[in-house]
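Visitor: In the numbering used here, the protein residues as written are 1014 to 1083. Dropping a structure here in structure tokens format, bear with me for questions.
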Amino acid sequence: MAQWRDVAKAFALADGHISQKEVNTLRKALLADGHISKSELDFLKEIKRDATSSVQLLDELIADCEKLIG
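Pasting the structure below:
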């Protein structure tokens, strides 16, 4: 079975652009349990780095997650 990280990365970067819909899906999935792990935050930063473009909403999600980690 593929690891969640590989599947999610392929989904988010399929067209190279991270859209608002993709960010909303990531937010819902990653924050479903009410907290964020360092690994999940690192994943968000990784897809932002690897994307050719992304919406501002991704930066906001990363900032929100950084606040939750402290």
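Think of the CB as a built atom: it goes at the ideal place given N, C-alpha and C, for glycine as much as any other residue.
1. Report the CB separation of residue 1082 from residue 1049 in whole angstroms; it is logged as a contact under 8 Å.
2. Would you report the Cα separation of residue 1038 and residue 1056, rounded to the nearest angstrom?
3. Leaving out five residues before and five after residue 1031 in sequence, what residues of the same chain have Cβ atoms less than 6 Å from its Cβ?
4. Please confirm whether residue 1018 and residue 1074 have their CB atoms less than 8 Å apart.
5. What do you get for residue 1036, buried or exposed, if any count of 16 or more other CB atoms within 10 angstroms of its CB means buried?
Guide: Taking the definition as stated:
1. Residue numbering aside, residue 1082 sits at position 69 when the sequence shown is read from its first letter. Residue numbering aside, residue 1049 sits at position 36 when the sequence shown is read from its first letter. Sure, about 6 Å apart at Cβ, within 8 Å.
2. Walking along the sequence shown from the start, residue 1038 turns up at place 25. Walking along the sequence shown from the start, residue 1056 turns up at place 43. The straight-line gap from Cα to Cα measures roughly 14 Å.
3. Locating residue 1031 in the sequence shown gives position 18, counting from the first residue. The residues are 1025, 1064, 1067 and 1071.
4. Here residue 1018 refers to the residue found at position 5 of the sequence shown. Here residue 1074 refers to the residue found at position 61 of the sequence shown. Taking 8 Å as the Cβ cut-off, residue 1018 and residue 1074 do not qualify as a contacting pair.
5. As a working mapping, residue 1036 is identified with position 23 in the sequence shown. That one is buried.
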